[in-house]
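Residue numbers (the working numbering), protein chains in the order written: chain A, 1 to 183; chain B, 184 to 292. Please read the structure below before turning to the comments.
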Amino acid sequence: MIGGAFGVTLAGARAGDEAAFARIFRDVQPALLRYLRVIATDPEDVAGETWVQVVAGLRRFRGDEQDFRAWLFTIARNRAADAGRSRARRPAVPLDMTEADQQLTTPDAADQALEALSTHTTMELIKSLPSDQAEIIMLRVVAGLDTGDVARIVGKSPGAVRVAAHRGLRRLAGQVAQAGVTL
Amino acid sequence: MHNEMPGFFPGRPGGEHDEPLLDMILERRPIPPGAPPEIHGLARMLAAVAGSAEPGDLAGQAAAQAAFTRLVSPPGTSPAALRSARRSLPATACPDSTTPAMATYAPGR
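Following this line, the structure appears as structure tokens:
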């Protein structure tokens, strides 16, 4: 998150300052791509389409950093849906185990396994969740959106978002516990 | 089919008792030391996913920047346009500066 400088940065981008836009892009793009990797099968393409739409609407946008992120992730979700390659195509069963995952199943190697637990592996674990839980966790934890924003984006009530997030986290924690990962 | 997993507190079946801890994870707040190890592990895993960019996470910046230049930047203000404008200026137009555009707007001149 850019924080206190976001307003100035956004104003600069609106005025055509390429450095200001680059700062916003670099701040949001990692979370955007990781989110799209969960809900879309062509995340880079969808991210590109998202940014084109964001750029086109930049001068009309009004709001703070949280509003900007909510707006951008709403666009991303819509573009992913338009692309027709969203969550339904993801396998509903747990993914193939990577080498790092296999290490997790050996309790006496738990510490080493946690070291080896890459962002990629964690992403795969999240993707193995039911699609609504996975998406909500990504929007809450990775995109940094609050429950209200996520509820608006996914079209659920705030209560339903909270329940889905909790269920997803419990499943993930259960996988962590089964793998014998302790800190 | 099995039901939702039980909560993390021993002797307390049902998930509702772990909700404060789960909310801490969602809000990226520090997890109390006494929380179950799997909660700490999960928090660390998710913090890593939400963390700083990795190689490849900035893919598409050139394309996005190009779209920005095309759609938002006023004509003639992109670095490429400024370089082009600089090259096209006669040497006498800016004898003491490598930034002719700035010289035009320098205060006090």
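Glycine included, C-beta positions come from ideal geometry on N, C-alpha and C.
Query, Result
"From the DSSP output, in three-state form, read off Lys127 of chain A for me.", "helix"
"If you count every other CB in all the chains shown that lies within 10 Å of the CB of Gln133 of chain A, and 16 or more means buried, which is it?", "buried"
"Kindly indicate which three-state DSSP category Asp64 of chain A falls into: helix, strand or coil?", "coil"
"Under 8 Å by Cβ, that's how I've got Leu36 of chain A and Val54 of chain A pegged, so tell me the actual separation to the nearest angstrom.", "With a Cβ gap of about 14 Å, Leu36 of chain A and Val54 of chain A do not count as contacting."
"Reducing DSSP to helix, strand and coil, say where Met1 of chain A ends up.", "coil"
"Would Phe21 of chain A count as contacting chain B if we go by Cβ distances under 7 Å?", "yes"
"Among A:Gln29, A:Asp42, A:Ala19, A:Trp51, whose alpha-carbon lies nearest the alpha-carbon of Gly84 of chain A?", "A:Asp42"
"Could you tell me whether the Cβ of His200 of chain B comes closer than 7 Å to any Cβ of chain A?", "no"
"In whole angstroms, what is the alpha-carbon distance linking Val232 of chain B and Leu254 of chain B?", "32 Å"
"Can you tell me whether Ala233 of chain B is helix, strand or coil according to DSSP?", "coil"
"Cβ of Ile208 of chain B less than 7 Å from any chain A Cβ?", "yes"
"Can you give the Cα-Cα distance for Ala247 of chain B and Gly48 of chain A, rounded to whole angstroms?", "7 Å"
"Classify Asp17 of chain A: buried if its beta carbon has 16 or more other beta carbons within 10 angstroms, exposed otherwise.", "buried"
"Just the C-alpha distance for Glu202 of chain B and Gly239 of chain B, rounded to the nearest angstrom, thanks.", "35 Å"
"Reducing DSSP to helix, strand and coil, say where Asp149 of chain A ends up.", "helix"
"Once DSSP output is grouped into helix, strand and coil, what is the label at Pro220 of chain B?", "helix"
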